[in-house]
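Data first, discussion second: the structure below is written as structure tokens.
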């Protein structure tokens, strides 16, 4: 029986909401200290594993075009800044492009996506369309090895 981890769901949801507030703040030019808190900026997605749904979202990042990437349920999903679903990739496993409990993602200046694939003890790199490019790391404590990478 799979154990549900509501605490991780809470932190993933909080991270997504924080991103939405940051995007809204950037769009309106910032908030001064004496201003009232901003109104709710909105959200998207439902609990689930279908395209556009979320189950245990762990991390959120944006690219230079404002697209939003979310790592959730052994996959990466890509959305427009307005929350329109664009694509998803991944799945459970250890083959190239698959994940086992991914926990973080980051983007570089060329739009490549890096995913901390915790359960597979590696980092994977994808292009902006989700095509697998390369991976590195293995389980252990030596050079080039990881013990459940959880951040990038």
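Residue numbers (the working numbering): 13 to 164. Glycine included, each C-beta is placed from N, C-alpha and C at the ideal position.
Check                                                                                                         : Outcome
Exposed unless 16 or more other CB atoms sit within 10 angstroms - verdict on residue 15                      : With a pLDDT of 49 at residue 15, under the threshold of 50, the modelled position of that residue is not reliable, and no figure is offered here.
Three-state secondary structure assigned by DSSP to residue 149                                               : coil
Distance between beta carbons of residue 65 and residue 57, contact taken as under 8 Å                        : 6 Å
Contact belief for residue 100 with residue 88 at Cβ below 8 Å, rounded distance in angstroms                 : 7 Å
When 61, 133, 147 are compared against residue 153, the one with the closest alpha-carbon                     : 133
Among 77, 109, 51, nearest to residue 138 - alpha-carbon criterion                                            : 109
Identity of the residue in 102, 78, 90 nearest residue 129 by Cα                                              : 102
Those residues which DSSP pairs with residue 101 across a bridge                                              : 88
Residue closest to residue 81, alpha-carbon to alpha-carbon, out of 119, 51, 144, 67                          : 119
Closest residue to residue 115 among 70, 151, 146, 141 (Cα-Cα distance)                                       : 70
Buried versus exposed call for residue 96 [16 or more other C-beta atoms within 10 Å across all chains shown] : exposed
Exposed unless 16 or more other CB atoms sit within 10 angstroms - verdict on residue 107                     : exposed
Local Cβ density within 10 Å of residue 86, reported as buried at 16 or more and exposed below that           : buried
Residue 73 burial status per 10 Å Cβ neighbour count (16 or more: buried)                                     : buried
Identified DSSP bridge partners for residue 110                                                               : Bridge partners of residue 110: none, in fact.
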